[in-house]
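Enquirer: In my numbering, the protein residues as written are 34 to 106.
Glycine is no exception: its CB is placed at the ideal position from the N, C-alpha and C atoms.
Remember, predicted model here, so these are calculated numbers, not experimental data.
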Amino acid sequence: YDINCTYMKNLWRQVDNTKFLEIAPLFWIMAGIRMWHVHGHKKECYARYSPLFIRGSDWVDSEIIETLWSTLN
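(1) CA-CA distance, residue 77 and residue 44?
(2) In whole angstroms, what separates the C-alpha of residue 56 from that of residue 101?
(3) Answer with yes or no whether the minimum CB distance from residue 47 to chain B is below 8 Å.
(4) Taking just the CA atoms, how far does residue 48 sit from residue 42?
(5) In whole angstroms, give me the CA-to-CA distance for residue 90 and residue 84.
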């Protein structure tokens with residue numbers, strides 16, 4: 034579940050290396066990891082990427098199907 038961490042580390046470099054994408058210089062992207070997955074990351078990731086600590090965000094799971102499937106494991 035470290036896809037978002039890796040994705041965000043390389044996002045700007047990937048955008049700069051293609052002629053098909055452009056992100057305005059003043060545009061700010063705040064990465065977040067859904068509540069269901071953020072607990073599987075390092076402790077540092079929880080404080081940095083949890084929606085609970087992102088202004089304008091809140092406790093949103095939005096992966097109800099995965100929580101239902103978890104009982105089958």
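Expert: Answer, in terms of the structure:
(1) The C-alpha of residue 77 lies about 20 Å from the C-alpha of residue 44.
(2) Distance between the alpha carbons of residue 56 and residue 101: 37 Å.
(3) In the structure shown, chain B does not exist; there is a single protein chain.
(4) If I take the Cα positions, the gap works out to 12 Å.
(5) Just so you know, the alpha carbons of residue 90 and residue 84 end up roughly 5 Å apart.
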